Amino acid sequence: MTGTARDRLALRHRRMRRVLRGGLLGSAAAIGLAVSLALVLHAPITRLRLPLADTLDAPRPVIWGHRANGGRGAPENSPEAVDIAVREEFDGIELDVFYLPDGGGLVVAHDDPRVDGAAPGIPIERFRFPRDIRVWLDAKNLGELTGTELNAFAQVLKDRGLSGRSFIESTDMRALQRLSGEGLRTVHWLVGWSLELLPVLKFYYAMSGVEGVSVDYRLAHKVTPHFEGRGVFTFTVNAPADIARLCASDAIAVILTDLPNQRAACSD
């Protein structure tokens with residue numbers, strides 16, 4: 004090998020070492036930044052106050068009826084179930100809904116009414132909601148709707164006098180942000196990957212207009228440290244001991260239950 008060839012080879016090796024060293028340093032810096040960011044995002048200083056905390060303005064979590072507290076004398080998600088919840092003096096209920104843009108409109112149903120053999124769903128017009136009752140709407144197909152269809156969904160709630168006291172729940176952030184722009188109150192359902200991204204998502208909430216979050220009560224301990232004030236909806240809690248434990252949380256706004264109201268209420 005000539006001297007020139009050796010020099011070129013040595014130069015190439017030096018360049019490769021510089022690139023490798025730079026890559027390692029860059030990777031180390033990125034990992035350090037990610038770890039530091041994770042630590043900062045999990046710190047108490049980053050606890051977020053969701054708008055829901057001020058909307059409900061309650062000294063303790065409130066108890067709402069799951070699927071209108073049906074199954075005890077009436078089918079779930081039915082007008083009769085709403086009547087039961089009203090008699091038991093719940094101040095809020097949860098209903099499962101689908102918006103059917105092909106003319107079906109907003110219907111109450113747990114299972115997709117478009118599937119062969121499924122119940123057709125009950126039009127929202129058949130429900131009578133007292134003025135003081137709040138409604139948690141689990142919007143099952145919200146993520147499928149176009150912008151125009153989301154506007155139509157919002158208009159139905161406005162026409163029914165429900166826009167100011169409804170909380171629209173979905174896993175789809177795009178749809179929730181669109182509905183927030185329509186003046187509706189929105190709740191992001193934290194499930195799966197979204198739970199892991201909560202440290203970042205909570206800052207997105209601050210900019211997007213999302214009012215609150217919802218979570219399976221068994222995972223509430225992963226969520227409540229990130230929020231101050233009562234901005235967390237929990238579902239579905241049917242053991243009095245679990246209800247008592249959740250009632251002690253400063254971050255939980257709503258506890259959803261199948262129990263009669265008098266058995267589920269948080270004690271003073």
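My numbering puts the first residue of the sequence shown at 4, with every later residue one more than the last. Where a beta carbon is used, it is the ideal one built from N, C-alpha and C, also for glycine. Fair warning: this is a prediction, and the values are worked out from it, not measured in the lab.
Assign residue i to one of two classes, buried (16 or more other C-beta atoms within 10 Å of its C-beta) or exposed (fewer than that).
i: ASP141; result: buried
i: SER270; result: exposed
i: TRP139; result: buried
i: ALA223; result: buried
i: VAL194; result: exposed
i: ARG75; result: exposed
i: GLY85; result: For clarity, residue 85 is Val in the given sequence; the question names Gly instead. Looking at its Cβ environment, which holds 16 or more other Cβ atoms inside 10 Å, VAL85 is buried.
i: VAL43; result: Only weak support exists for where VAL43 lies, its pLDDT of 45 falling under 50; the coordinates are left without a value.
i: ALA56; result: buried
i: TRP196; result: exposed
i: PRO228; result: exposed
i: ALA254; result: buried
i: ALA121; result: exposed
i: PRO62; result: exposed
i: PRO64; result: buried
i: VAL257; result: buried
Do residue i and the ligand FAD come close, with the Cβ less than 6 Å from some heavy atom?
i: LYS143; result: Looking for the ligand FAD in the displayed structure turns up nothing, as the structure carries no ligands at all.
Please confirm whether residue i has its beta-carbon closer than 7 Å to some beta-carbon of chain C.
i: PRO116; result: Included in the structure is just one protein chain, with no chain C present.
Check the C-beta distance from residue i over to residue j and give it rounded, since I have them as a contact under 8 Å.
i: THR189; j: LEU182; result: 5 Å
i: SER217; j: GLU172; result: 6 Å
i: GLU79; j: ASN264; result: Wrong, their Cβ atoms sit about 16 Å apart, outside the cutoff.
i: LYS143; j: ASP115; result: 7 Å
i: TYR208; j: LEU59; result: With 8 Å as the limit, TYR208 and LEU59 do not qualify as a contact, their Cβ atoms being about 16 Å apart.
i: VAL89; j: ILE136; result: 7 Å
i: LEU249; j: THR237; result: 6 Å
i: THR260; j: HIS69; result: 6 Å
i: ARG131; j: PRO82; result: 7 Å
i: ILE96; j: VAL110; result: Between VAL110 and ILE96 the Cβ distance is about 16 Å, and since that is not below 8 Å, they are no contact.
i: ALA267; j: ILE87; result: 14 Å between Cβ atoms; not a contact.
So who's on the other strand from residue i, going by DSSP bridges?
i: GLY167; result: Bridge partners of GLY167: none, in fact.
i: GLU172; result: ASP141, VAL190
i: TRP196; result: Per DSSP, none; premise fails for TRP196.
i: LEU98; result: LEU140
i: LEU259; result: TRP67
i: ARG52; result: GLU231
Counting beta carbon pairs with one atom in the stretch 154–173 and one in the stretch 102–121, are three or more of them shorter than 8 Å? Cβ pair count under 8 Å is three or more, so yes.
Segments assigned beta strand (DSSP E), at least 3 residues, entirely inside the stretch 102–133: With a minimum length of 3 residues, the continuous beta strand (DSSP E) runs that stay inside the stretch 102–133 are 108–111.
Is it the case that the stretch 204–218 contacts the stretch 175–190, given that we only count it when at least three CB pairs across the two stretches are under 8 Å? Short answer: they touch.
Continuous beta strand (DSSP E) assignments of at least 3 residues falling wholly in the stretch 198–257: For the stretch 198–257, whole beta strand (DSSP E) runs of length 3 or above, ordered along the chain, are 215–219, 235–238.
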